[in-house]
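These protein sequences, in sequence, are chains A and B. Residue numbers for the first sequence follow our numbering, beginning at 1 and rising by one. Residue numbers for the second sequence follow our numbering, beginning at 1001 and rising by one. Below is one structure; the comments refer to it alone.
Protein chains: 2
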Amino acid sequence: MSAKPRIERAALEVFAAHGVDGATTKLIAARAEVSEGAIYRHWKSKDELAIGLFMAAHKRLSDLIEAEAGAVHGVEAKAAALVKAYCTAADEDWTLFSFHLLQLHHFLPYYQDDGRDPVTLVETIIKYAMLKMELPPGDPRVVAAMAIGVITQTAQNRAYGRLGEDALSAHAPLMTAAVQAVLMAR
Amino acid sequence: MSAKPRIERAALEVFAAHGVDGATTKLIAARAEVSEGAIYRHWKSKDELAIGLFMAAHKRLSDLIEAEAGAVHGVEAKAAALVKAYCTAADEDWTLFSFHLLQLHHFLPYYQDDGRDPVTLVETIIKYAMLKMELPPGDPRVVAAMAIGVITQTAQNRAYGRLGEDALSAHAPLMTAAVQAVLMAR
DNA sequence: AGTCGGTATGTGAGCATTTACTTGCAAGCG
DNA sequence: CGCTTGCAAGTAAATGCTCACATACCGACT
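Below you can see the structure in the form of structure tokens.
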């Protein structure tokens, strides 16, 4: 079988476990059962490999949020959609999702600011809902952060092994109620 | 002036910016205006330096939570106390706080499981409140994660430069209301 | 007060090792 | 054949850390 997908999987696992800087090309190659040189047939550098994987996760999550939230109306439903988007991303590829979650700050410099990242998307939804008086007023940046925090911290604790092996979606009802509560609270 | 505190400050800044693995002893020494060797007069290794700083932040935050939450009664007040504890830690030394926040997962292996970390403390408070029927039932591990997420994600976004330069405590009222809402939501 | 000696602190050149990455070669394949 | 994919061995640079040496500090003893 071709080495490229094996390398991607291996890299994902190693990056998630050790961080981008802590991961070595040797480890990735060994885990993929491939020589180190094989990596460089497909990527220019270790960082390019890492960025590619990260951006894939980033795009997937953003797309899911846009799709789910765009398909429904009203803040309550949009909150549920947000939780659903995160849970779908987490359930369909937990390694990719947790890599994105835990290594986010490593890639901040590479962020293109096109407003299509999860935080900005949620911020926009909240701003709009405030305009329509569906939400009480308040700094949308903070409200967005708090709402997302409900989900991401739960996911983080799962990644840390504090929540057992259940899928993230197992906690979706609880998270949905909490996100809705955060949005309305003031 | 003695080099040790200068090294601690420099290391904190470099670790927070580049991560533990991404930080080099050369960079730390340069920033502290000290030779590399000086570091090793006070610490056995780069990792020991990092762990020491991390544990200081960890202990400070845990102590604040225990003190603030222990001084009041009722979940509402304890929620406010939790927010206050985080804000105090963040305001009194933002560099130390953000280092702890962003590099947490690097130090998970070193965690001693004495129940005195922030998450477990909050979990215990929640369990007790549920027993006393002050809170609706639900997985305390998840509820604790969600409540803490409200605060930590806000802090993270501040660290990412998305919230301006205001102190974290500037958002305390909003966060307090949100945490209380999360606790009661179901 | 002065000076001796031991210890703590800081230097900077340098060490062994590890790191990301390259290169020459060969096999697979349409 | 021509092109892609993979390997094994290598390279130059960087990294964490050490060590011989220099200086500052500080109490004890005359």
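Glycine residues also receive a C-beta, built at the ideal position from the N, C-alpha and C atoms. All figures in this text were calculated on a predicted structure; none of them were measured in a lab.
Expected contact under 8 Å - CB spacing of residue i and residue j to nearest Å
i	j	result
B/T1176	B/V1072	In fact, because the Cβ distance is near 12 Å, the residues do not count as touching under 8 Å.
A/A159	A/L101	7 Å
A/R141	B/L1163	6 Å
A/V20	A/H105	With a Cβ gap of about 11 Å, A/V20 and A/H105 do not count as contacting.
A/A185	B/A1178	5 Å
B/I1039	B/I1065	Not a contact, Cβ separation roughly 32 Å.
B/V1150	A/V150	6 Å
Inter-residue Cα distance where the pair is residue i and residue j
i	j	result
A/I148	B/S1035	43 Å
A/M130	A/H58	27 Å
A/M133	A/L121	19 Å
A/A17	B/T1152	21 Å
A/P109	B/K1004	31 Å
A/D91	B/L1096	34 Å
A/T124	A/D166	31 Å
A/L49	A/W43	6 Å
B/Y1086	A/R41	47 Å
A/A79	A/Q180	6 Å
A/L174	B/G1138	8 Å
B/D1114	B/V1182	26 Å
A/H171	A/M55	26 Å
B/A1089	B/G1161	18 Å
B/L1135	B/A1030	52 Å
A/A67	A/A81	9 Å
A/G74	B/I1051	47 Å
A/S2	A/D93	20 Å
A/Y128	B/A1069	36 Å
A/Q103	B/Q1103	10 Å
Own chain partners of residue i with C-beta closer than 8 Å, once the 5 adjacent residues on each side are dropped
i	result
B/V1119	A1144, A1145, I1148
B/R1009	A1032, T1095
B/L1012	L1053, T1095, L1096, F1099
A/E76	Q180
B/Y1111	D1117
B/T1154	L1163, L1168, H1171, M1175
Check: residue i C-beta below 6 Å from any heavy atom of the ligand FAD
i	result
A/G52	With respect to the ligand FAD, the structure offers nothing, as it holds no ligand at all.
Beta-carbon contacts of residue i that lie in its chain and below 7 Å, excluding the five residues immediately before and after
i	result
A/R116	S62
A/T25	E36, I39, K46
A/R60	A89
Close beta carbons around residue i, own chain, < 6 Å, minus the five adjacent residues each side
i	result
B/I1028	A1010, A1011, V1014
B/N1157	L1163
B/I1126	P1140, V1143, A1144
Inset, instruction - For the stretch 1084-1115 of chain B, enumerate the residues whose C-beta is nearer than 8 Å to any C-beta of chain A, in chain order. - result: L1102, H1105, H1106, L1108
Inset, instruction - Mind checking the stretch 150-170 of chain A against chain B and listing, in chain order, the residues whose C-beta falls within less than 8 Å of any C-beta there? - result: V150, I151, T152, Q153, T154, Q156, N157, A159, Y160, R162, L163
Legend entry - Contact residues within the stretch 5-38 of chain A, judged by C-beta distance below 7 Å to chain B: G19, D21, G22
Legend entry - alpha helix (DSSP H) runs contained entirely in the stretch 61-96 of chain A, provided each spans 4 or more residues: Fully contained in the stretch 61-96 of chain A are the following alpha helix (DSSP H) runs of length 4 or more, in chain order: 75-92.
Inset, instruction - Taking only beta carbons into account, state which residues of the stretch 1131-1147 of chain B come closer than 9 Å to chain A, listed in chain order. - result: G1138, D1139, R1141, V1142, V1143, A1144, A1145, M1146, A1147
Legend entry - Inside the stretch 1096-1172 of chain B only - alpha helix (DSSP H) runs reaching at least 4 residues: With a minimum length of 4 residues, the continuous alpha helix (DSSP H) runs that stay inside the stretch 1096-1172 of chain B are 1118-1131, 1140-1159.
Legend entry - Residues, ordered as in the chain, of the stretch 1116-1131 of chain B that lie near chain A by beta-carbon distance below 8 Å: V1119
Inset, instruction - Compile a chain-ordered list of the residues in the stretch 1053-1069 of chain B whose CB is closer than 7 Å to at least one CB of chain A. - result: none
Inset, instruction - Check each residue of the stretch 171-184 of chain A: if its Cβ is closer than 8 Å to any Cβ of chain B, include it; give the result in chain order. - result: H171, L174, M175, A177, A178, Q180, A181, V182, M184
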